[in-house]
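What follows is a set of notes on a single structure, which appears directly below.
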Amino acid sequence: MKLVVAVVQGKDAEGLMGALRQGNYRATQINSSGGFLRENNVTIMTGVNDAQVPDVFRLIRENCYTRTQYVNPLLPIMEPGEFYMPSPVEVQVGGATVFVLPIVRYERIMAGATDGIGAGW
550 MKLVVAVVQG KDAEGLMGAL RQGNYRATQI NSSGGFLREN NVTIMTGVND AQVPDVFRLI
610 RENCYTRTQY VNPLLPIMEP GEFYMPSPVE VQVGGATVFV LPIVRYERIM AGATDGIGAG
670 W
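Going letter by letter, the sequence shown gives residues 550 to 670 in this note's numbering.
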C-alpha cells in the first residue's frame, strides 16, 4: 500500500476530491498554505494499493491546473532615502506537488472493530 499526499491549489481541491470520490478513493483534505506566494493550498491524502497509484496520478493531472500569476518581488535591502519601484514578475503556479510514501501498517478503527492489514504489530 502507498500513501499519496498531493499539495494542490485551493481552486483545484474541490474538483480533485470529487474525482477521487467518483473513482471510489477515500481521501482526507487538510487546508494548508504555501511558502513563496503565501497562497491557500490544500493537502489531500489517500491510501491506495500499489496498482492504483497511476490512476490517482491521472486524476491529479486531470484536475490540477498550472496558472500564470504576477507577483511583486521582495524589496532589496536599500540605504535610507533610496527609492525602488518593483515590477511584477510572472510566475507559474498550481499543478500539484505529489509525494508517494510506503504504508507500513493500516487499520481502520470503527466502534472497536478493525479491518487492518500489516504484520508485526
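By construction, the Cβ of each residue, glycine as well, lies at the ideal position given by its N, Cα and C atoms.
Everything numeric in this text was worked out from a predicted model, so none of it was measured.
- Taken in chain order, the complete alpha helix (DSSP H) segments of 4 or more residues contained in the stretch 602 to 641 are 602 to 612.
- When the five nearest sequence neighbours on each side are left out, the beta carbons in the same chain lying within less than 8 Å of the beta carbon of D599 are those of M550 and K551, in order along the chain.
- Three or more Cβ pairs drawn from the stretch 635 to 644 and the stretch 597 to 615 lie within less than 8 Å of each other, which places the two stretches in contact.
- Annotated as distal: V620 and P603, with beta-carbon spacing of 8 Å or more.
- Per DSSP, the continuous beta strand (DSSP E) segment holding M594 begins and ends at N589 to V597.
- DSSP places A645 in no alpha helix (DSSP H) but in the uninterrupted beta strand (DSSP E) bounded by A645 to P651.
- A576 and R570 have their C-alpha atoms some 8 Å from each other.
- Excluding sequence positions up to five before and after G572, its CB lies within less than 7 Å of the CB of D604 and L608, all in the same chain and listed in chain order.
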